[in-house]
Amino acid sequence: MKCVMTLGMLCALAVTGAKAQSDKGPTDPKAQKTYAEALGWVKEHKSGAALDSFRKADKQDGGHCQACQSQIINLGLSTGDFKAADEAAQELIGEAKDPKSLALAHMKQDDAAKAQFEKYVAMVSDNTAEQQMAQRYADRPDLVRARLAPNFAVTTTDGQRLSLEDLEGKVVLIDFWATWCGPCREALPHIREIAQKFQGQPLVVLSVSLDKDESKWKDFVAKNGMTWMQYRDGDGDIARLFAVHAIPHTFTIDSDGVLQDEHIGDGSIEGKLKKLCARARQLEEIQRTTAKLEQ
Numbered sequence: 014m015k016c017v018m019t020l021g022m023l024c025a026l027a028v029t030g031a032k033a034q035s036d037k038g039p040t041d042p043k044a045q046k047t048y049a050e051a052l053g054w055v056k057e058h059k060s061g062a063a064l065d066s067f068r069k070a071d072k073q074d075g076g077h078c079q080a081c082q083s084q085i086i087n088l089g090l091s092t093g094d095f096k097a098a099d100e101a102a103q104e105l106i107g108e109a110k111d112p113k114s115l116a117l118a119h120m121k122q123d124d125a126a127k128a129q130f131e132k133y134v135a136m137v138s139d140n141t142a143e144q145q146m147a148q149r150y151a152d153r154p155d156l157v158r159a160r161l162a163p164n165f166a167v168t169t170t171d172g173q174r175l176s177l178e179d180l181e182g183k184v185v186l187i188d189f190w191a192t193w194c195g196p197c198r199e200a201l202p203h204i205r206e207i208a209q210k211f212q213g214q215p216l217v218v219l220s221v222s223l224d225k226d227e228s229k230w231k232d233f234v235a236k237n238g239m240t241w242m243q244y245r246d247g248d249g250d251i252a253r254l255f256a257v258h259a260i261p262h263t264f265t266i267d268s269d270g271v272l273q274d275e276h277i278g279d280g281s282i283e284g285k286l287k288k289l290c291a292r293a294r295q296l297e298e299i300q301r302t303t304a305k306l307e308q
């Protein structure tokens, strides 16, 4: 999960990267002026202003400025504004005449898609986010058709900063709940049992509370021995990211960052977790073996 670039970003860069770099920019006069201003912001290392200006230039150009879209992708990835990068990537894919790797994978022509991704792996610099993500899709073209989990970043009760990209190779169980939710309290023993049963396994359990009252939440967590990772989403930002409208609500994310399971209520998820953890261990062993061979 180290690479949080979405499939759209990757394919847009892979298919139209060379073209976008040679593109002189928008054709609309107003857009050209705004685009020049954006480039000036880039030189001054003012990424936020540059992003806004490239967006404006693209809009002024009728949404057809591939150079704007390419700049937004790059800035979004470098600053962590993945939503902006993904939106621009979707536009860029729409403008592209031959999005081969994306189209082939969506048509389940995985062998052909694999070849296209492997070509891109050879084109980009070693050990970059682009290359790592391209290699992931070369290894598993079926991920194109998967529902990837949204990237998130939280600071848990013990002060640990945690993001999806930090959990590379791990299975993640996210549990949305609240102290005032009766069904959530009923489901608590099950979540505690999972956290205990899977200790030592490549599984991270993260409980995300929607409580507004921080002290009441902290007291509840302490009194109920909730020793696994805890986070209070008081403003509901993470809940909105996952489109949570009812609790308890759990999401299971595999080691590739794919949303594998979603339950509203206290659903049976242990069987799925066992399979995903087993696969994560296999992938970890393969990576270790590959690293030894390369030494």
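The numbers in the numbering used here rise by one with no breaks, and the one at position 197 of the sequence shown is 210. The C-beta atom is built at its ideal place from N, Cα and C for all residues, glycine as well.
Check your understanding: Just how far apart, CA to CA, sit Ile299 and Gln148?
Key -> If you number the sequence shown from 1, residue 299 lands on position 286. If you number the sequence shown from 1, residue 148 lands on position 135. Those two C-alpha atoms are separated by around 15 Å.
Review point. What residue does the alpha helix (DSSP H) around Glu50 start on, and which one ends it?
Key: Taking the first residue of the sequence shown as 1, we reach residue 50 at position 37. Per DSSP, Glu50 belongs to the alpha helix (DSSP H) from Pro42 to Lys56.
Review point. Is the segment 224-241 touching the segment 254-271 in the sense that three or more CB pairs, one from each, lie closer than 8 Å?
Key: no
Review point. For the alpha helix (DSSP H) that contains Glu227, what are its first and last residues?
Key: For this step, residue 227 is matched to residue 214 along the sequence shown. Run containing Glu227: Glu227 to Lys236, per the alpha helix (DSSP H) assignment.
Exercise for review: Assess, as a yes-or-no matter, whether the segment 166-180 is touched by the segment 193-202 under the definition of 3 or more beta carbon pairs within less than 8 Å.
Suggested key: no
Point to revise | Top-ranked residue by Cα proximity to Trp190, from Gln82, His77 and Gln243 | key: Sequence index remark: in the sequence shown, residue 190 carries index 177 (1-based). Nearest C-alpha to Trp190: Gln243.
Check your understanding: From Lys56 to Ser66, what does the alpha carbon distance come to, in whole angstroms?
Key -> Locating residue 56 in the sequence shown gives position 43, where the first residue counts as 1. Locating residue 66 in the sequence shown gives position 53, where the first residue counts as 1. Their Cα atoms are separated by approximately 13 Å.
Point to revise | Cβ shell of Ser35 (< 7 Å), same chain only, five flanking positions each side left out | key: Your numbering for residue 35 matches position 22 in the sequence shown. Its pLDDT being 39, under 50, Ser35 is placed unreliably in this model, and the value from its coordinates should be taken loosely. Nothing listed; no residue qualifies.
Check your understanding: Looking only at DSSP bridge pairs, what is Ser220 linked to?
Key -> Translated into the one-based positions of the sequence shown, residue 220 becomes position 207. DSSP output for Ser220 lists Asp188 and Gln243 as bridge partner(s).
Review point. When the Cα of Asp246 is compared with those of Ala63, Asp99, His58 and Thr192, which residue comes out closest?
Key: Stepping through the sequence shown from its first residue, residue 246 is reached at position 233. With distances taken between Cα atoms, Asp246 lies closest to Thr192.
Review point. CB Leu175 to CB Asn164, shorter than 7 Å?
Key: Residue numbering aside, residue 175 sits at position 162 when the sequence shown is read from its first letter. Residue numbering aside, residue 164 sits at position 151 when the sequence shown is read from its first letter. No, they are not a contact pair.
Review point. So Asp274 is in the beta strand (DSSP E); what residue range does that whole segment cover?
Key: Position 261 of the sequence shown, counting from 1, holds the residue named residue 274. Note, Asp274: beta strand (DSSP E), Leu272 to Ile277.
Review point. Which residue's Cα is closest to the Cα of Arg160: Val184, Ala135 and Gln273?
Key: Taking the sequence shown and counting its residues from 1, one reaches residue 160 at position 147. Nearest option by C-alpha distance: Gln273.
Review point. What is the rounded straight-line gap between the Cα of Glu297 and the Cα of Ala162?
Key: As a position in the sequence shown, residue 297 is number 284, starting the count at 1. As a position in the sequence shown, residue 162 is number 149, starting the count at 1. Approximately 20 Å between the Cα atoms of the pair.
Check your understanding: Around the Cβ of Gln212, are there at least 16 other Cβ atoms within 10 angstroms (buried) or fewer (exposed)?
Key -> In the sequence shown, counting from the first residue as 1, residue 212 sits at position 199. By the neighbour-count rule (16 or more Cβ atoms within 10 Å), Gln212 is not buried but exposed.
Practice item. Have a look at Ser83 and Glu275 and give me their C-alpha separation to the nearest angstrom. Key: Translated into the one-based positions of the sequence shown, residue 83 becomes position 70. Translated into the one-based positions of the sequence shown, residue 275 becomes position 262. In a straight line, the C-alpha of Ser83 is about 34 Å away from that of Glu275.
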